[in-house]
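Protein chains in written order, with the numbering used here: chain A, 3 to 395; chain B, 3 to 395.
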């Protein structure tokens with residue numbers, strides 16, 4: 003079911019960047035066999051908070067996957083991987099470069115077993131270059147990659163992006179690399195390696211900051227919540243919560259001033275956007291005073307009716323109950339065998355004919371071990387019991 | 003050249019989300035025909051700063067594309083699109099829902115011309131739902147989608163992510179949708195519509211925030227630069243710039259304390275990570291004092307040698323000269339016919355056999371109009387001159 007339902011993925015990933023990538027592939031229908039260390043599994047199974055002992059972190063990243071426990075350091079474990087690789091389309095891993103080679107499961111070896119295999123590795127710094135062997139965490143990569151230096155209040159400290167965008171962006175580009183390699187394989191008949199670095203992806207997220215620096219020679223800093231060249235375009239306090247207002251052009255400005263009832267001593271100072279930018283210190287108090295006269299909800303209704311772009315700064319409790327987000331099915335409920343009913347994010351890629359779907363909650367550790375060994379390797383109960391006795395699975 | 007070189011994209015996008023998507027496709031080899039309004043073109047051509055009159059913003063998002071000027075409101079313009087659609091694989095647009103329908107170029111019509119066509123629309127709120135007709139800007143979407151509410155200093159104000167992650171994430175998921183639909187077309191022979199909303203994508207970026215809220219009932223707030231459950235894991239002042247340090251486990255902690263020469267009055271308070279979290283207020287001043295004894299560069303060398311994850315908080319000038327970023331070819335120089343040599347971000351998807359490439363700088367407005375009309379529509383100079391006279395191109 004789903005547009006990638008003919009694709010089999012062997013998933014060696016753990017924690018965030020890799021699991022985010024295979025979650026996207028699974029959402030779109032790919033069969034994901036997640037290979038986990040017997041006993042402990044993906045490190046993030048230990049990350050709290052927990053629901054009936056199951057990690058919320060793990061559950062929010064591993065729906066639509068099967069769990070196969072496998073000790074990769076045992077010859078029998080390695081042999082099982084080699085057999086699974088013969089039928090797999092994609093391997094994904096996010097170890098430090100060289101780890102899979104040391105296990106005897108590097109791309110150089112696996113492609114001799116299956117030349118059509120696409121092997122995707124997501125790492126902190128990439129397979130090559132002077133930092134390739136350095137350990138990476140999201141915080142370090144956000145620091146090195148420049149995004150922190152342009153996030154934060156104006157003139158203030160560099161600020162980490164709340165969600166781990168260092169990992170998440172790498173997960174998304176890994177998916178793009180895999181899907182591109184699958185397309186190329188239709189023509190060449192051959193697989194290839196996809197090498198995605200968290201740090202590279204941070205550079206790719208910088209938008210126009212590099213161009214601005216190159217052209218002006220000025221080092222961009224944190225810009226706060228205000229738009230650098232459009233005004234007003236920032237949050238304002240109301241009598242309740244803040245509201246974000248974005249007056250993108252002069253026509254919207256005219257609508258806004260008459261709608262809100264703004265009256266200026268010297269209106270000629272605020273006619274065009276360049277005027278408003280130039281005289282913003284004088285302008286802002288007028289708007290501030292007005293916006294405090296009503297609640298955030300009242301302003302939303304008024305501004306929406308006039309087509310003025312606006313919105314509340316939703317906290318997570320508001321996000322999960324927002325009517326558009328719910329309409330778009332972006333909060334889904336899964337029934338986990340241990341944790342029970344749990345809410346997780348939906349699928350942002352909406353396809354008209356072959357939509358993705360959330361078909362199963364995250365697996366408990368090793369939930370699908372027997373099924374996979376029977377189905378793909380034709381093992382019987384005795385063979386599986388022997389593997390279990392020898393701590394292979 | 004490149005893994006998507008057999009894919010033709012008709013690109014109606016402007017500003018950021020859409021152009022980011024078609025840039026990724028172009029980087030990976032797809033042929034991108036960017037259709038622009040005669041005279042003005044993509045709105046972002048007017049966004050400063052400029053180099054020899056060319057927008058740095060536009061140039062950093064539109065390499066590897068051809069520019070065809072076309073007035074879509076003229077019947078001749080519409081007819082040219084209809085002819086191009088017969089040979090296209092993908093249409094991408096980021097207008098408000100309904101705009102392409104009003105031009106007579108909606109998916110419902112285009113698929114009758116080419117049933118294999120994949121039609122991708124990137125919008126603020128999606129094609130459906132109560133907000134679908136509302137205007138959206140990155141700032142508003144970041145506010146509504148929750149990412150602002152968990153970004154910022156601990157206990158402080160909600161903070162916008164510096165780069166326009168509302169647009170950029172939508173661009174990336176649009177690419178994932180297009181590549182998935184291309185894969186599905188190999189099996190079904192049919193195209194479909196890809197509907198990606200900026201707001202949906204923000205929800206998909208929230209990482210484990212939804213799970214945390216669902217399980218604990220506590221609304222997540224801005225977490226600052228410190229890790230919520232690992233310590234020390236944040237930036238510290240040195241005698242020069244700040245350095246990010248990430249001590250991910252107790253073994254690294256032991257290495258770190260002896261390496262740095264940390265001595266405590268009550269060392270038993272800081273042995274395990276839970277200890278360090280519990281007693282962090284007492285711990286932090288010890289580390290602060292030590293880190294101020296050397297420069298950021300000196301600490302980097304010392305910590306790197308011991309395998310302690312660390313890094314400076316690079317500003318953009320440092321990013322564009324970082325040795326790993328340069329090694330990975332993540333800063334590329336293009337020679338623009340008007341602006342001259344310009345640095346732009348490289349390609350984060352590294353494919354071993356069929357790599358992407360930056361083959362051309364962003365086009366000047368209409369640079370490829372004649373070439374495209376001759377090549378795809380077989381027009382001669384007289385026909386093209388007539389179109390120009392009638393303000394069609």
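By construction, the Cβ of each residue, glycine as well, lies at the ideal position given by its N, Cα and C atoms.
In this structure, residue 182 of chain B and residue 181 of chain A form a Cβ contact; the two beta carbons are roughly 6 Å apart against a cut-off of 8 Å.
For the stretch 294-322 of chain A, the set of residues with a beta-carbon nearer than 7 Å to any beta-carbon of chain B comprises 306, 309, 311, 312, 313, 314, 315, 316, 317, 318, 319, 321, 322, in chain order.
Contact check for residue 140 of chain A against residue 169 of chain A passes: the beta carbons are separated by less than 7 Å. If you draw a straight line from the Cα of residue 366 of chain B to the Cα of residue 33 of chain B, it comes to about 17 Å. Fully enclosed beta strand (DSSP E) runs of no fewer than 3 residues occupy 120-125 of the stretch 115-172 of chain A, in order along the chain. Contact of residue 146 of chain B with chain A by beta-carbon distance below 9 Å involves 246, 313, 314, 315, 316, 320, 321, 324, 326, 327. Three or more Cβ pairs closer than 8 Å define a contact, and the stretch 4-19 of chain B meets that threshold against the stretch 185-194 of chain A. The Cβ atoms of residue 363 of chain A and residue 104 of chain A do not sit closer than 7 Å to each other. Secondary structure within the stretch 42-126 of chain B: the alpha helix (DSSP H) runs of 4 or more consecutive residues, fully enclosed, are 58-61, 77-89, 101-104, 109-115 (chain order).
Looking at the backbone, the Cα of residue 335 of chain B and that of residue 343 of chain B are separated by about 6 Å. Within chain A, the residues whose beta carbon sits less than 9 Å from that of residue 194 of chain B are 5, 353, 354, 355, 356, listed in sequence order. At least one C-beta of chain B is nearer than 7 Å to the C-beta of residue 332 of chain A. Residue 325 of chain B counts as exposed, since fewer than 16 other beta carbons sit within 10 angstroms of its beta carbon. According to the DSSP secondary-structure assignment, residue 334 of chain B is paired through a beta bridge with B:346. Around the CB of residue 337 of chain B, fewer than 16 other CB atoms lie within 10 Å, so the residue is classed as exposed.
Residue 12 of chain B is bridged by DSSP to B:35, B:93. Residue 114 of chain A counts as exposed, since fewer than 16 other beta carbons sit within 10 angstroms of its beta carbon.
DSSP places residue 239 of chain B inside the beta strand (DSSP E), whose first and last residues are 235-239. Separation of the CB atoms of residue 80 of chain A and residue 106 of chain A is rounded to 6 Å, and the pair is thereby assigned contact status at 8 Å. Residue 210 of chain A places its beta carbon less than 7 Å from that of residue 62 of chain B. Counting along the chain, no beta strand (DSSP E) covers residue 316 of chain B, and no H or E run does either. By the Cβ criterion, the stretch 231-251 of chain A is in contact with the stretch 300-318 of chain A, since at least three pairs of Cβ atoms, one from each stretch, lie closer than 8 Å. Among the CB atoms of chain B, one or more fall inside 7 Å of the CB of residue 150 of chain A. Looking only at B:355, B:22, B:350, the smallest Cα-Cα distance to residue 333 of chain B is reached by B:350. Counting along the chain, residue 196 of chain B sits inside no alpha helix (DSSP H); it lies in the beta strand (DSSP E) bounded by residues 195-199. 7 Å or more divides the Cβ of residue 27 of chain A from the Cβ of residue 90 of chain A.
If you look at residue 220 of chain A, you'll find it isn't in any beta strand (DSSP E); DSSP assigns it neither H nor E.
Taking a C-beta distance under 7 Å as the contact criterion, residue 200 of chain B and residue 126 of chain B qualify as a contact pair.
Contact between residue 58 of chain A and residue 214 of chain B holds: their C-beta atoms lie close to 6 Å from each other, under 8 Å.
Against chain A, the beta carbon of residue 186 of chain B has neighbours under 7 Å at 5, 356, listed in chain order. Bridge partners of residue 353 of chain A according to DSSP: B:196. Our two residues, residue 235 of chain B and residue 225 of chain B, have alpha carbons roughly 12 Å apart in a direct line. When 7 Å is used as the limit between beta carbons, residue 221 of chain A is near these residues of chain B: 317, 318, 319, in chain order. Contact check for residue 281 of chain B and residue 232 of chain B: beta-carbon distance about 14 Å, past the 8 Å limit, so the pair fails to qualify. Counting of Cβ neighbours within 10 angstroms places residue 388 of chain A among the exposed residues, the total staying below 16. In the three-state scheme derived from DSSP, where H, G and I count as helix and E and B as strand, residue 213 of chain A is classed as helix.
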